[in-house]
Amino acid sequence: MFENLSHLALQQYWWVIDSLLGSILVFLMFVQGGQTLIYRLGKSDEERTLLINALGRKWEFTFTTLVTFGGAMFASFPLFYSTSFGGAYWVWMAILFCFIIQAVAYEFRSKPSNVWGAKTFEVFLFINGLLGTILIGTAVGTFFNGAEFTVNELNQSRWANPYGGLEAVLNLHNVALGLTVFFLARLLGSLYFMNHIEHEAIFNRSKKQLLYCGIPFLVVFLFFAIRLLVMDGFAIDAETGTVSVEAYKYLHNFLAMPLVLILFLVGVVLVLFGLIKSYLAEKYTKGIWFTGGGTILVVFTLFLLAGFNHTAFYPSNADLQSSLTIQNASASHYTLTAMSYVSLMVPFVIAYIVWAWRAINNKKLDLEELRNEDHLY
Numbered sequence: 000m001f002e003n004l005s006h007l008a009l010q011q012y013w014w015v016i017d018s019l020l021g022s023i024l025v026f027l028m029f030v031q032g033g034q035t036l037i038y039r040l041g042k043s044d045e046e047r048t049l050l051i052n053a054l055g056r057k058w059e060f061t062f063t064t065l066v067t068f069g070g071a072m073f074a075s076f077p078l079f080y081s082t083s084f085g086g087a088y089w090v091w092m093a094i095l096f097c098f099i100i101q102a103v104a105y106e107f108r109s110k111p112s113n114v115w116g117a118k119t120f121e122v123f124l125f126i127n128g129l130l131g132t133i134l135i136g137t138a139v140g141t142f143f144n145g146a147e148f149t150v151n152e153l154n155q156s157r158w159a160n161p162y163g164g165l166e167a168v169l170n171l172h173n174v175a176l177g178l179t180v181f182f183l184a185r186l187l188g189s190l191y192f193m194n195h196i197e198h199e200a201i202f203n204r205s206k207k208q209l210l211y212c213g214i215p216f217l218v219v220f221l222f223f224a225i226r227l228l229v230m231d232g233f234a235i236d237a238e239t240g241t242v243s244v245e246a247y248k249y250l251h252n253f254l255a256m257p258l259v260l261i262l263f264l265v266g267v268v269l270v271l272f273g274l275i276k277s278y279l280a281e282k283y284t285k286g287i288w289f290t291g292g293g294t295i296l297v298v299f300t301l302f303l304l305a306g307f308n309h310t311a312f313y314p315s316n317a318d319l320q321s322s323l324t325i326q327n328a329s330a331s332h333y334t335l336t337a338m339s340y341v342s343l344m345v346p347f348v349i350a351y352i353v354w355a356w357r358a359i360n361n362k363k364l365d366l367e368e369l370r371n372e373d374h375l376y
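Take a look at the structure:
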């Protein structure tokens, strides 16, 4: 079946899969967003423990999806993996550190032998929620704004400066995407608490955060989106493979792929509907599903925008012709074919996640259940 597909078809297939994994990861970052709200929503130790245990039931979904996304990118587009992870190592090491301390925090915060105190691990969770979201969003911003690397004829990559990717934070458009992910994660975290926790005071405080985080989210998202539509992009000549700068490239991509544009607009509408409905309705708790679904659609279309329609998905600012595309950065036809058969298991994995989520969320978490809980995070 898959062996009969062309190499380009397999490359496009795997870019779609990687894009889907990346979009699901951004949705699941409601865990990180919720971690930054622990002290905003919890005014007592008991309330903070309630919030952390609500997130503790889901944090492994985010971590697992992050690892899966990284593994899929490594296997399907190894040149991108070696270039970005090998060159922008300080950024990826910082992201890795953020997720390590998150795992440590959930494991040891409520241990009887914890000599550092619960607040130490709560700070770890805040750091993960703050830096983890901003750094990942900033790193993805380089898909549109480029990075400082070169690749030679032997596919050996080299970073063009000694900053190891940290220079990405000097690009305002990259940072705007990082802040967009940060505020979006906080909004999703608030919606998750409204859906999952039975506590009137936390519900009302979470609703207020929809306004406090929603306004800066809209500002930075609109800046990122408008800048994306009017900026130059990196186009590939279909015949020669030569990379060149094209004015309004990403706007042209939207117009050339109307289905992607429709999905993007539907996603934006769903995000806004979930937020507005949850804020205006008195006891509405389903906003997480509308805003979460919209998040997946928007991020998915941004990935497609970066990689399809003859576009370099990882442009090089140091040497334009070193820019990475889904054609020159991918694994071999044989590898992609073998992986494609494995990918048939993805629907079963998604079904398991949905089943596990429903099993965990069969009852809203409240203080009474928390007091009877055998294992606390």
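Letter 364 of the sequence shown, counting from 1, is numbered 363 in numbering that gives the first Met the number 0, and no numbers are missing.
A virtual CB, placed ideally from N, CA and C, is assigned to each residue, including glycine.
The distance from the Cβ of tyrosine 313 to that of serine 322 is about 7 Å, consistent with a contact at the 8 Å cut-off. A Cβ-Cβ contact shorter than 7 Å links phenylalanine 123 with alanine 104. Valine 15 has its alpha-carbon roughly 16 Å from the corresponding atom of asparagine 252.
Using a Cβ distance threshold of 7 Å, glycine 145 and asparagine 316 count as a contacting pair. In this chain, threonine 137 is not harboured by any beta strand (DSSP E); it is covered by the alpha helix (DSSP H) spanning 117 to 144.
By the Cβ test, the region 270 to 288 is in contact with the region 183 to 199, since at least three Cβ pairs between them sit closer than 8 Å. Contact annotation, threonine 67 with leucine 27: C-beta distance approximately 11 Å; criterion of less than 8 Å not satisfied. One Cα belongs to histidine 172, the other to glycine 128, and the distance between them is close to 21 Å. In terms of Cβ geometry, threonine 61 and valine 30 form a close pair [threshold 7 Å].
The criterion of a C-beta distance shorter than 7 Å is satisfied by methionine 72 and aspartate 17.
In the DSSP assignment, tryptophan 158 forms a beta bridge with Phe148. The residue from Leu20, Met0 and Asn3 with its alpha-carbon nearest to that of valine 348 is Leu20.
Contact between serine 22 and valine 298 holds, since their C-beta atoms are separated by about 4 Å, short of 8 Å.
In the three-state reduction of the DSSP assignment, glycine 232 falls in the strand class, which pools E and B.
Counted as a single uninterrupted DSSP element, the stretch harbouring serine 109 is not any beta strand (DSSP E), since DSSP gives it neither H nor E.
In the structure shown, glutamate 245 adopts extended strand secondary structure according to DSSP, grouped into three states. Isoleucine 196 carries a strand assignment under DSSP once its states are collapsed to helix, strand and coil.
Between tyrosine 88 and phenylalanine 181, the alpha-carbon positions lie close to 21 Å from each other. When secondary structure is reduced to three states using DSSP, threonine 48 falls in the helix class.
Taking a contact as a CB-CB distance under 8 Å, the pair valine 174 and alanine 138 does not count as one, their CB atoms being some 11 Å apart. When DSSP states are grouped into helix, strand and coil, tyrosine 12 belongs to the helix group. Following the DSSP letters along the chain, one finds threonine 64 inside the alpha helix (DSSP H) bounded by residues 58 to 75.
7 Å or more divides the Cβ of asparagine 52 from the Cβ of tyrosine 351. With distances taken between CA atoms, leucine 221 lies nearest to Leu176 out of Asn154, Leu176 and Leu50. The C-alpha of glycine 136 is placed about 8 Å away from the C-alpha of threonine 179.
Per DSSP, reduced to three states, the secondary structure at leucine 364 is strand.
In this model, alanine 337 and glutamine 101 are separated by some 34 Å (Cα to Cα). Close CB contacts of phenylalanine 233 within its chain, under the 8 Å cut and outside five residues either way in sequence, are with Gly145, Val242, Ser243, Val244, Glu245, Lys248, Thr310, Ala311, Pro314, Leu319 and Ser322 (chain order). Annotated as proximal: glycine 266 and leucine 296, with beta-carbon spacing under 7 Å. Put simply, the backbone Cα of asparagine 160 is about 25 Å away from that of isoleucine 235.
By the criterion of a C-beta distance shorter than 6 Å, threonine 300 is surrounded in its chain by Val259, Leu262 and Phe263, once the five residues flanking it on both sides are discounted. DSSP links leucine 323 through a beta bridge to Tyr313. Between tyrosine 191 and isoleucine 287 the beta-carbon gap is near 5 Å, inside 8 Å, which marks them as a contact.
Under the three-state reduction of DSSP output, tyrosine 283 falls in the coil class, being neither helix nor strand. Glycine 163 carries a coil assignment under DSSP once its states are collapsed to helix, strand and coil. One alpha carbon belongs to tyrosine 211, the other to glutamate 238, and they sit about 50 Å apart.
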